[in-house]
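Taken in order, these protein sequences are the chains called A and B. Quick note on numbering: numbering that gives the first Met the number 0 labels position 500 of the first sequence as 499, and the sequence is numbered without any gaps. Quick note on numbering: numbering that gives the first Met the number 0 labels position 65 of the second sequence as 64, and the sequence is numbered without any gaps. The next block holds one structure in the form of structure tokens; read it before the comments.
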Amino acid sequence: MKAVEIDNLSIAYFGKHELALRGVSLSIDEGEFVLLTGKTGSGKSTLLNAINGVIPHIISADMEGTVRVFGQSTSSTPIHKLSTMVGTVYQTPENQIFSLIVDDDVAFGLENMAVPRAEMMQRVESSLRLVNLWGKKSHPTFLLSGGEKQRLAFANALALRPKLLVLDEPTSQLDSMGTEEVFSLIKSLNEEHRLTVIMSEHKLERVINLVDRIVVMDGGSVVMDDEPHRVLKAGIAKYGLEEPQVTLLHKMINPSSEFIPITVEEFVEVDGKLVGNLDLDAPPRRTDGEPRVIIKDLFFKYERNGDWILKGINLSIMAGEFVSIVGSNGSGKSTLMNLVSGIYKPQRGQVLVAGVDVSRVPRSRIASLVGYVFQDPDYMLFNSTVENEIRFTMSAANIKDESLFRDVVDLFGLGGLLKESPHRLSVGQRRLVSLAAVLVVRPLVLMLDEPTRGLDYEMGETVMSYVKELQSKLGLTVLMVTHNMKQVGEYSDRVVVMNRGVVDMVDSAENVFSASLGRREWAVSPPQIFMVSKMLGSKPIASMRPVMGGGHP
Amino acid sequence: MIGLLYNPVINWLIALVLLFYGPVLIIVLIYKVLGFTGYMSLFKYVGGDSIIYRLDPRTKILLAIILTIVAAMTIWWVSAIFLAGVLFLYLFLRDPAAKMRVAGPLILSAFIGTAWSESLFAPFSYLYSIFGHHVTFIYLLPSVLSSLGVTQGNSSASVLLVGKAASPVGLTWEGFIYGLQISFRATASIASGLLLIFSASPSDILRSLEKSKLPIELGFTLLLAASSIPKVLESSMIVINALKARGVDVVPRGSRNPIVLLRRLGSSFKVVVLSLTAIIILTLKNAREIAIAADLRGFRANRQRTYYHELRLTRMDVLTIVILLLIFAIGIYVSGLPGMGAVPYNP
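Okay, here's the thing in structure tokens:
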């Protein structure tokens, strides 16, 4: 029997003229692992919600065509029955956890389904064992790490004994370690427990060697549906998607070949001899200039009786430098950012920006010293229109220069959106508005927290190109916290590794990646290009720039 | 001295301070002493294994209900005994000192709040009959404020420093005492409610509510509310940080110029409203995802649910319930004795 059979499915949400899905047909065999990819808004989530029955049962929409899961029509089967066949895990773990104790949460679904108590006990145990959380069954859920929370969400779905898993970007909120945990769980569920998996995911490189098939969506239609090597041979860049670094490399040096490598191992095997060794020089990293940010012996804790979160940080960052800050969740990265932007005051030590102690400067001057773009733009946007949002920072900083406003609007191309409510814009546009609202007062230092999280490849590149352009135009100093190691390799002059409240290493991306191989706790997983240079035994490379020649890929 | 105190400008200033200090003090107390994490810890259950944890949540709910009812019906010192009794039970909680750090400010703020409101707003006729026709005004406020409900005395009331005054309006000493006394009722029930929260996990409380035939929807809403408060607080912190990063003084800076100060207060207020909007939008976005996740796990799929933990009343529970019922019966009897009931007008 087919796990999923979709025939000519079209979906339109109420009040929208555009179709979210147009004539999608798809069939998935039992035991298959299918990766669903495409730009934001290409229809991935709509398709997934049609498979698990959320459309039309919970989100109502006009629906034409049929969706069958294990032979049953999703529109005529009640949702609670569907969830015993289809398990779903969404992006945000917190929104899928209701109880305060781990095993209680797994039991919640079973209690609803009126599963007898003896069987329930046994199912709770087996699903927690599957996700390797049985040892934490009595743990409070809010004390779990991001990866553990998401594994709990898997256990919740698995307790209902589904045969198909629908996963909507299950790792997009997790750090590198959490991502690793979740992917290896999915792999074992698919390979050892024969679960059919359909997953949408942006981190193509990390999953490409796990999946049997890639389905590419664009504008609500399925535009490609094939085995990974063949999909990449045909090329996905035209749909705004990022190809693995090794695939790009291969296409450059061996454009006519039949076989397209998608993993580091395949690349080294196919092209290893051809490239000989990648004896390329690392791109120039700037390390000169005068110090712009000086952090001296910084100590911080949230509560008087609490533990130190930062334990003596010393750092000096040059004017115009691009510095990435990496480390696992809870290593103190965000706290450090909050101190540099003067939001918190340190108990000991100081942060000097352009010679000014940020903890002593009046609040209204902060924004023109340090601009801080938060991870989620929704936390930063409160005004009724885009224009007010940008002017809000100006008035807080007491800046009345109209030309600054016009400059930033022109630069980000926001002219047409000024009267729109920021909350009605797309994720990418909201991100640009939050950048514009911070940059309008021309800060000396720009701090970015996961600037491309939640954005697709194209939008992420757009945001980063703005940042790069501004950096050279205004001589901005950039501090970026990120888990995206490709970006770390491409953009940073230096990389700071934080670990349990101290700085473990400050060096070039190449050297940090080399050192990270022995330091799992750093949560650094180097990009493919670095691993290739490592396997070939050549000089370490962190960026595609020297390979592609000059500009960014 | 009297002239200065009752200078119209000073009189009004003091009146405003008096009118607002109570609520402000409570907010400051909860914020400063309890702190953000302390407040969060209210919603984060940590288990234990003393007798108080082993009692069925239903028994503890009954405890809170009976103590509240009896306290409401009897004279104030009965509530004071209840409060002392419940606080004694706190000793059986895990890390009682930490629990007290959380419960203390909440209980104290109930004291302050009630004492404050009664010292200003207690009806004169109550005070007059409770305290044997002896009511002393400590400080008089502009008499217009009587329309707000500030205590207004008859002509026989005496005023500190001033002597006799016709229909004085203001702060009374007896009102303050009365407030302290009746606040024992509120605190006894707050303390017993907190005892339940400290010693039973929200999901167990939910299960016991369901078993007591409460609709599951209501129980689930309570559970979600309890577990979403930490999330809402966390996102509020981030929103406030984002505001600070953009150069906004969330707490207005002081100024000697009253116009500047007022303007700063105004813009601060605006900022709070703006950030609330952001928080509400974020919460609503989450709510939709939560609703979908709950439906996918069969929430409300069956009228009959089964239970992961079996809640069974132990012998200890039965014993406790018997004691509670005894307290209830004695309470009702005592409340009927002359001078022992809460009505009429007894504190």
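We put the beta carbon where it would ideally sit given N, CA and C, even for glycine. Just so it is clear, the structure is predicted and the values come from calculations on it, not from any experiment.
Item to check | Contact residues within the region 234-258 of chain B, judged by C-beta distance below 9 Å to chain A | outcome: Here the close residues are Ser234, Ile237, Val238, Ile239, Asn240, Ala241, Leu242, Lys243, Ala244, Arg245, Gly246, Val247, Asp248, Val249, Arg252.
Checklist entry - What runs of the alpha helix (DSSP H), each 4 residues or longer, lie entirely inside the region 379-438 of chain A? => result Under the rule that a run must span 4 or more residues, the alpha helix (DSSP H) segments found entirely inside the region 379-438 of chain A read 385-395, 401-410, 426-438.
Next on the checklist: To test your reading of the DSSP string, which unbroken alpha helix (DSSP H) runs of 4 or more residues are found completely within the region 142-171 of chain A?
Outcome noted: Under the rule that a run must span 4 or more residues, the alpha helix (DSSP H) segments found entirely inside the region 142-171 of chain A read 145-157.
Item to check | Which of helix, strand or coil DSSP assigns to Tyr371(A) | outcome: If DSSP states are grouped into helix, strand and coil, Tyr371(A) belongs with the strands.
Item to check | Closest by C-alpha distance to Ile108(B), when choosing among Ala70(B), Tyr20(B), Ser274(B) | outcome: One point to set straight first is that residue 108(B) is Ser, not Ile, in the sequence displayed. Looking at the Cα atoms, Tyr20(B) is the closest of the given residues.
Checklist entry - Does any CB atom of chain A fall closer than 8 Å to the CB of Thr276(B)? => result Chain A contact via Cβ: present.
Item to check | DSSP-derived helix/strand/coil call for Phe529(A) | outcome: Of the three classes helix, strand and coil, the one that applies to Phe529(A) here is helix, per DSSP.
Next on the checklist: Whole angstroms are fine: how far does the CA of Gln486(A) sit from the CA of Met336(A)?
Outcome noted: Taking the straight line from one Cα to the other gives about 19 Å.
Checklist entry - Are the C-beta atoms of Phe411(A) and some chain B residue less than 8 Å apart? => result For Phe411(A), the answer is no, since every Cβ of chain B falls outside 8 Å of its Cβ.
Checklist entry - Under 8 Å between the Cβ atoms of Ser137(A) and Asp104(A)? => result Taking a C-beta distance under 8 Å as the contact criterion, Ser137(A) and Asp104(A) do not qualify as a contact pair.
Item to check | DSSP-derived helix/strand/coil call for Ile27(A) | outcome: Looking at Ile27(A) - three-state DSSP - the assignment turns out to be strand.
Checklist entry - Would Leu3(B) be called buried (16 or more neighbouring beta carbons within 10 Å of its own) or exposed? => result Note on Leu3(B): under 16 other CB atoms within 10 angstroms of its CB, so exposed under the neighbour-count rule.
Checklist entry - Hey, Met216(A) and Pro169(A) are a contact pair by Cβ (cut 8 Å); roughly how many whole angstroms apart? => result Met216(A) to Pro169(A), Cβ: 18 Å. No contact.
Checklist entry - In chain B, which residues lie with their C-beta within 7 Å of the C-beta of Gln95(A)? => result Close to Gln95(A), with beta-carbon spacing below 7 Å, are these residues of chain B in chain order: Ala292.
Item to check | chain B residues whose Cβ lies nearer than 8 Å to that of Arg116(A) | outcome: Against Arg116(A), the close residues of chain B are Thr305, Tyr306, Tyr307, Glu309, in the order they occur along the chain (beta-carbon pairs closer than 8 Å).
Next on the checklist: Just to confirm the assignment, what range does the alpha helix (DSSP H) spanning Gly64(A) have?
Outcome noted: Segment 60-68 is the beta strand (DSSP E) holding Gly64(A); no alpha helix (DSSP H) there.
Checklist entry - Are the C-beta atoms of Phe130(B) and some chain A residue less than 8 Å apart? => result Look at Phe130(B): its C-beta is not under 8 Å from any C-beta on chain A.
Checklist entry - When the cut-off is 8 Å and only beta carbons count, does Ile10(A) lie next to chain B? => result Answer no: the Cβ-Cβ gap between Ile10(A) and chain B never drops below 8 Å.
Next on the checklist: Which residue wins for smallest C-alpha separation from Ile181(B), given the options Val16(B), Ser49(B), Phe81(B)?
Outcome noted: Among Val16(B), Ser49(B), Phe81(B), the Cα nearest to that of Ile181(B) is on Phe81(B).
Next on the checklist: Using a Cβ-Cβ cutoff of less than 6 Å, which residues in the same chain neighbour Ala625(A) once the five nearest sequence positions on both sides are dropped?
Outcome noted: The requested residue 625(A) is not part of the displayed model; chain A covers only 0 to 552.
Next on the checklist: Within 8 Å of any Cβ in chain A, is that where the Cβ of Arg57(B) sits?
Outcome noted: Arg57(B) does not count as touching chain A.
Checklist entry - Which whole-angstrom value describes the C-beta separation of Ile316(A) and Val322(A), a residue pair presumed to lie in contact below a C-beta threshold of 8 Å? => result Contact annotation, Ile316(A) with Val322(A): C-beta distance approximately 5 Å; criterion of less than 8 Å satisfied.
Checklist entry - With a CB to CB cut of under 6 Å and the five nearest residues on each side skipped, what residues in its chain are close to Ala522(A)? => result Here the set comprises Asp174, Ser175, Met176, Ser327.
Next on the checklist: I want to know whether the region 124-133 of chain A touches the region 307-318 of chain B - three or more CB-CB distances under 8 Å.
Outcome noted: The answer is no - the region 307-318 of chain B does not touch the region 124-133 of chain A, with fewer than three Cβ pairs under 8 Å.
Checklist entry - If you run the structure through DSSP and keep just helix, strand and coil, what is Leu297(A)? => result Looking at Leu297(A) - three-state DSSP - the assignment turns out to be strand.
Item to check | Interface flag, His138(A) vs chain B, CB-CB below 8 Å | outcome: It does not: the Cβ of His138(A) has no partner Cβ on chain B nearer than 8 Å.
Item to check | Span of the alpha helix (DSSP H), counted from its first residue to its last, around Val462(A) | outcome: Here the alpha helix (DSSP H) through Val462(A) covers 456-473.
Checklist entry - From this set, Val466(A), Gly40(A), Glu204(A), Ala353(A), which residue's C-alpha is nearest Val221(A)'s C-alpha? => result Of the candidates Val466(A), Gly40(A), Glu204(A), Ala353(A), the residue whose Cα lies closest to the Cα of Val221(A) is Gly40(A).
Checklist entry - Quick one: is Tyr52(B) near chain D, going by C-beta distance under 8 Å? => result Given the protein chain composition of this structure (A and B), no chain D is represented.
Item to check | Neighbourhood of Thr140(A) by C-beta, 8 Å cutoff - its chain only, sequence neighbours within 5 removed | outcome: Excluding its 5 nearest sequence neighbours in each direction, Thr140(A) has C-beta neighbours in its own chain below 8 Å: Ile96, Ser98, Leu99, Ile100, Val101, Asp104, Lys148, Leu151, listed in chain order.
Checklist entry - CB-CB under 7 Å to Ser234(B), same chain, minus the five flanking residues each way: which ones, in chain order? => result So the qualifying residues of the chain are Ile278, Leu281.
Item to check | Beta carbon proximity, Thr91(A) to chain B, threshold 8 Å | outcome: So, interface residue.
Checklist entry - Residues in its own chain within less than 8 Å of Phe107(A) by CB, not counting five upstream and five downstream? => result A distance below 8 Å between beta-carbons, with the five flanking residues on each side excluded, links Phe107(A) to the following residues of its chain, in chain order: Phe97, Ser98, Asn155.
Next on the checklist: So, with DSSP's three-state summary, where would you put His551(A)?
Outcome noted: Its pLDDT being 42, under 50, His551(A) is placed unreliably by the model, and nothing is read from it.
Item to check | Reduced DSSP secondary structure (H/G/I, E/B, other) of Gln303(B) | outcome: In the displayed model, Gln303(B) falls within coil according to three-state DSSP, outside both helix and strand.
Item to check | Spatial distance of Trp11(B) from Pro141(B) (CA atoms) | outcome: If you take the alpha carbons of Trp11(B) and Pro141(B), they lie about 7 Å apart.
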